[in-house]
Amino acid sequence: IIYASSRGSRDNNGKLIPAFSGKRFPEVYLQLTRSGVDSLINGNPSNQQRIGYLFEKNTLYRLVWQQLDQAPDSKPEKYPILTKVSAMQINYLDRSKTNHKTWPVNATRATEEPIALEIIVTTKDLGKLRRLFYIRDPN
């Protein structure tokens with residue numbers, strides 16, 4: 465998340481996806497473009513990659529797409545990163561320092577990025593874990 469990029473991408477239908485997108489229903493989901501990827505991996509000529517995080521069925525997954533802009537048959541690789549998760553919440557902080565449950569807030573603000581993310585994960589073994597990620601300077 466700390467290597468988040470402001471470049472959006474296209475989904476497998478050619479629709480533009482904002483650099484950041486997130487929702488809470490039917491499952492918690494965050495998708496973003498990140499930089500700092502080794503461009504020699506899988507012959508990817510770009511140093512950017514589309515990744516996501518998905519909470520479903522008591523497991524937190526990391527999603528990784530092979531291409532930044534998707535082909536019609538593109539599917540992400542799905543890696544479990546934490547099990548026994550009972551709840552997950554992501555809050556997006558905008559430039560006016562207002563928290564939002566989804567991102568983008570609305571279609572007219574689709575190109576904006578949050579300045580910070582708060583991720584709260586509750587697990588059966590570790591209890592509540594809270595992390596705050598600074599994304600961009602609001603100025």
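When we follow the numbering used here, the leftmost residue of the sequence shown carries the number 465, and every step to the right adds one.
A virtual CB, placed ideally from N, CA and C, is assigned to each residue, including glycine.
Remember, it's a predicted structure, so these values are computed and weren't measured experimentally.
Asked	Found
For F489, is the classification buried or exposed, using 16 other Cβ atoms within 10 angstroms of its Cβ as the cut-off for buried?	exposed
If we count Cβ pairs, one from each stretch, closer than 8 Å, do we get three or more for the region 590-602 versus the region 565-579?	yes
CA-CA distance, K542 and G516?	9 Å
State buried or exposed for A571, treating a residue as buried only when at least 16 other CB atoms are found within 10 Å of its CB.	exposed
Assign T587 to one of three DSSP states: helix, strand, or coil.	strand
State the DSSP-derived secondary structure class of A551, mapped to helix, strand or coil.	strand
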